[in-house]
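Chains as they are written, first to last, in my numbering: chain A, 1 to 353; chain B, 354 to 602.
Set out below in structure tokens:
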């Protein structure tokens with residue numbers, strides 16, 4: 001449906017805006033050697049109203065054929081053809097009206113006088129069509145621009161939401177209370193270790209809070225944050241938690257949304273290593289080549305463990321944040337194998353400006 | 354009772370948590386810590402050997418959760434749950450009057466829990482481990498696996514591999530991949546814990562997984578028999594047939 005016809009309130013102002021067209025048509029028909037002024041006005045008013053509606057038709061064609069440099073010839077041909085058809089229909093309608101009015105005594109001889117103006121009216125109809133088509137293209141371009149703006153704003157909101165969710169997930173109450181309990185245990189059994197745990201936990205919390213405000217952080221910073229987290233967990237899990245890093249220094253300065261890897265590492269501990277009696281190894285590997293940054297986080301898990309609730313939300317969050325930043329270029333995959341779980345991130349390698 | 358003193362077993366997968374609990378329990382008069390276990394399987398074994406009066410049981414542990422351990426534990430042993438943070442579990446403990454202590458531990462809270470466990474042992478109050486586990490699950494989530502104890506062994510049966518269950522007095526007989534397992538539980542409590550869109554009580558004493566049904570045959574007027582994909586036959590009552598029809602549309 002055409003935007004002007006879609007809402008009844010728009011129709012009257014639109015017709016009013018067409019009034020100058022009636023004046024132009026009148027002037028055209030009443031040129032010296034043409035119609036008398038009264039005849040010209042009588043014809044121009046219904047013709048203008050008719051054209052007001054016919055002039056909406058380019059909108060459909062314009063939408064069908066968006067302006068593209070490589071398709072310019074078919075677009076021009078399509079509009080020329082449509083313009084010729086519309087102008088011919090309009091002149092045909094004018095001839096019918098002229099013939100009709102000619103039956104009235106006051107307008108005697110009108111059809112004859114009109115015939116001399118038909119070519120000029122045809123040309124005017126054609127030019128008006130092209131003008132209308134051009135206007136429609138301008139309107140469509142404006143619409144597309146505001147649509148793009150809206151989408152960008154939406155992405156921004158999505159990214160903010162993801163960030164908030166990441167921050168909220170950051171300070172998992174379960175993790176914190178367990179840490180406090182461990183510190184309380186170490187306070188008498190191993191005071192230096194208790195102190196160390198306080199320091200590590202403080203370091204982790206401080207880092208989490210400071211990076212959350214930034215749009216992106218370097219891989220090196222994000223890994224440092226994950227390491228601080230792992231050091232705290234190592235004090236709780238002891239021998240059961242092992243970590244292996246396989247890093248690529250070319251990836252160090254690449255940028256990522258903050259707090260993207262740490263929750264994945266935390267999942268690897270909570271749902272992987274913690275589910276195994278003997279524990280296991282969390283593997284983090286970073287590779288950077290051919291303009292892409294690839295990060296793999298892998299952990300063993302108990303094959304009998306049911307899928308944990310809550311992880312789906314966290315993974316959707318990672319996916320959303322990558323999509324908000326890189327669109328289809330930000331890849332994320334998670335896979336559960338029989339006894340292992342792995343997540344892979346692959347994004348364009350971007351170094352901070 | 355262990356010569357007047359209350360015998361306690363500590364079950365937690367984190368060493369620091371076990372040591373601080375032991376430290377606090379040591380200060381409670383009349384308590385003797387019999388041992389520490391790092392997971393549920395160890396706990397079941399140790400409970401058999403040491404006959405504790407009370408276990409302090411962590412919820413999040415590898416292999417078996419605290420709730421699953423409780424289901425398999427001798428019902429004469431009192432349990433005190435240990436958790437860092439779990440809203441659902443804490444609500445369930447309140448509803449079922451099960452004792453719990455929160456991490457980080459407060460010594461007075463542990464002493465109080467020991468006192469209540471003593472009272473519970475004296476009153477011999479029965480407990481319903483399955484109902485407790487069901488209450489501790491977040492709303493709208495269902496049992497994902499059933500744990501069964503078979504002597505010293507523990508079987509973990511994912512619900513995807515559970516074909517049917519049959520009431521046998523105070524037990525349910527679970528059939529999974531051609532094997533059958535007996536568990537001390539009522540069919541009603543098992544049925545209540547399973548996803549009602551996947552498991553249907555087709556008979557007063559039979560429960561089946563809907564997608565394990567190969568076909569239905571008429572048995573007698575108004576009664577049917579379900580043939581499962583593993584070839585076994587399960588009677589279907591008139592009410593059970595109606596329930597199946599509602600579910601399958």
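Every residue gets a Cβ at the ideal spot worked out from N, C-alpha and C, and that includes glycine. These figures come from a predicted structure and were not determined experimentally.
Determine the DSSP secondary structure at residue 19 of chain A, reduced to helix, strand or coil. Helix.
Grouping DSSP H, G and I as helix and E and B as strand, with all else coil, what is residue 342 of chain A? Taken through DSSP and simplified to helix, strand or coil, residue 342 of chain A comes out as strand.
Spatial neighbours of residue 30 of chain A in its chain, beta-carbon cut-off 6 Å, leaving aside the 5 residues before and after: Cβ contact annotation for residue 30 of chain A (same chain, cutoff 6 Å, sequence separation greater than five): 37 and 40, in chain order.
Given residue 292 of chain A as reference, the closest of A/45, A/329 and A/270 once Cα atoms are compared: Restricting attention to A/45, A/329 and A/270, the CA atom closest to the CA of residue 292 of chain A is found in A/329.
In the DSSP assignment, what are the bridge partners of residue 536 of chain B? In DSSP, residue 536 of chain B forms a bridge with B/525.
Could you check the C-alpha separation between residue 370 of chain B and residue 446 of chain B for me, to the nearest Å? About 21 Å.
Roughly how many angstroms lie between the CA atoms of residue 354 of chain B and residue 406 of chain B, to the nearest whole one? Residue placement at residue 354 of chain B is poorly supported in this model, since its pLDDT is 44, which falls under 50; the coordinates still yield a value, given next. Approximately 7 Å between the Cα atoms of the pair.
Counting only beta-carbon atoms, is residue 317 of chain A nearer than 8 Å to chain B? Closer than 8 Å to the CB of residue 317 of chain A there is not a single CB belonging to chain B.
Flag this pair as touching only if the stretch 511 to 521 of chain B and the stretch 489 to 500 of chain B have three or more C-beta atom pairs under 8 Å; answer yes or no. Yes: at least three Cβ pairs fall under 8 Å.
Chain B contact for residue 146 of chain A (CB, 8 Å cutoff): For residue 146 of chain A, the answer is no, since every Cβ of chain B falls outside 8 Å of its Cβ.
Roughly how far, in whole angstroms, is the beta-carbon of residue 473 of chain B from the beta-carbon of residue 431 of chain B, given that I think they are within contact range, below 8 Å? Contact annotation, residue 473 of chain B with residue 431 of chain B: C-beta distance approximately 5 Å; criterion of less than 8 Å satisfied.
Using the rule of at least 16 other Cβ atoms within 10 Å of the residue's Cβ for burial, across every protein chain shown, is residue 67 of chain A buried or exposed? Exposed is the label assigned to residue 67 of chain A, since fewer than 16 other Cβ atoms lie within 10 Å of its Cβ.
Chain-ordered neighbours of residue 509 of chain B on chain A, where CB pairs are closer than 8 Å: Simply 304.
Test: residue 238 of chain A CB closer than 8 Å to a CB of chain B: With its beta carbon less than 8 Å from one in chain B, residue 238 of chain A belongs to the interface.
Could you please give the first and the last residue of the uninterrupted alpha helix (DSSP H) stretch that includes residue 552 of chain B? Here residue 552 of chain B belongs to no alpha helix (DSSP H); instead the beta strand (DSSP E) covers 552 to 556.
Quick one: what's got a C-beta closer than 6 Å to residue 122 of chain A's C-beta in the same chain, skipping five residues either side? These residues qualify, in order along the chain: 87 and 91.
Mapping DSSP to helix, strand and coil, what is residue 211 of chain A? Helix.
How about residue 526 of chain B and residue 519 of chain B: are their beta carbons less than 8 Å apart? Yes; because the gap between Cβ atoms is below 8 Å, this pair is in contact.
Taking the C-alpha atoms as reference points, what is the distance between residue 204 of chain A and residue 221 of chain A? Rounded to whole angstroms, residue 204 of chain A to residue 221 of chain A spans 12 Å at the Cα level.
Only counting the same chain, and skipping five residues up and downstream in sequence, which positions put a Cβ closer than 8 Å to that of residue 276 of chain A? Only 240, 300, 301 and 302 meet the Cβ criterion.
Same chain, Cβ closer than 6 Å to residue 294 of chain A, five either side skipped, listed in chain order: So the list reads 287 and 346, once near-sequence residues are dropped.
Endpoints, the alpha helix (DSSP H) within which residue 181 of chain A is located: Residues 173 to 189.
Please list, in chain order, all residues of the same chain as residue 453 of chain B whose beta carbon is under 8 Å from its beta carbon, the five residues on each side excluded. Counting only Cβ-Cβ distances below 8 Å, and skipping sequence neighbours, we find 433, 434, 435, 436, 442, 443, 446 and 466.
Short-range partners of chain B found in the stretch 170 to 186 of chain A, where Cβ spacing is below 7 Å: Taking a C-beta cut-off of 7 Å against chain B, the contacting residues of the stretch 170 to 186 of chain A are 173, 174, 177, 178, 180, 181, 182, 184, 185 and 186, listed in chain order.
Is the Cβ of residue 234 of chain A closer than 8 Å to any Cβ of chain B? With a threshold of 8 Å between beta carbons, residue 234 of chain A makes no contact with chain B.
Just checking: is the beta-carbon of residue 230 of chain A within a distance shorter than 8 Å of some beta-carbon in chain B? Chain B, which has no Cβ nearer than 8 Å to the Cβ of residue 230 of chain A, makes this no.
Integer-rounded CB distance, given that residue 217 of chain A should sit under 8 Å from residue 263 of chain A: In fact, because the Cβ distance is near 14 Å, the residues do not count as touching under 8 Å.
Between which two residues does the beta strand (DSSP E) containing residue 390 of chain B stretch? Boundaries of the beta strand (DSSP E) around residue 390 of chain B: 384 to 390.
Give a yes or no on whether the minimum CB-CB distance between residue 208 of chain A and chain B is below 8 Å. Interface with chain B (8 Å Cβ-Cβ cutoff): residue 208 of chain A is excluded.
For residue 275 of chain A, go through chain D and note every residue whose CB falls closer than 7 Å to its CB, in chain order. Chain labels in this structure do not include chain D; the protein chains are A and B.
Cβ of residue 344 of chain A within 8 Å of Cβ of residue 296 of chain A? Pairing residue 344 of chain A with residue 296 of chain A gives a Cβ-Cβ distance under 8 Å.
I'd like to know if the stretch 373 to 388 of chain B and the stretch 169 to 189 of chain A are in contact, where contact means that at least 3 CB-CB pairs between them fall below 8 Å. Yes: at least three Cβ pairs fall under 8 Å.
Three Cβ pairs or more, each shorter than 8 Å: is that satisfied between the stretch 475 to 494 of chain B and the stretch 533 to 543 of chain B? Yes: at least three Cβ pairs fall under 8 Å.
How is residue 621 of chain B classed by DSSP in three states: helix, strand or coil? Here chain B has residues from 354 to 602 only, and residue 621 of chain B is not among them.
Tell me where the alpha helix (DSSP H) around residue 374 of chain B begins and ends. Here the alpha helix (DSSP H) through residue 374 of chain B covers 368 to 379.
Is the Cβ of residue 355 of chain B closer than 8 Å to any Cβ of chain A? Any answer about residue 355 of chain B is weak, because its pLDDT of 45 lies below 50 and its placement is not dependable; what the coordinates show is given next. Cβ-Cβ to chain A under 8 Å: no for residue 355 of chain B.
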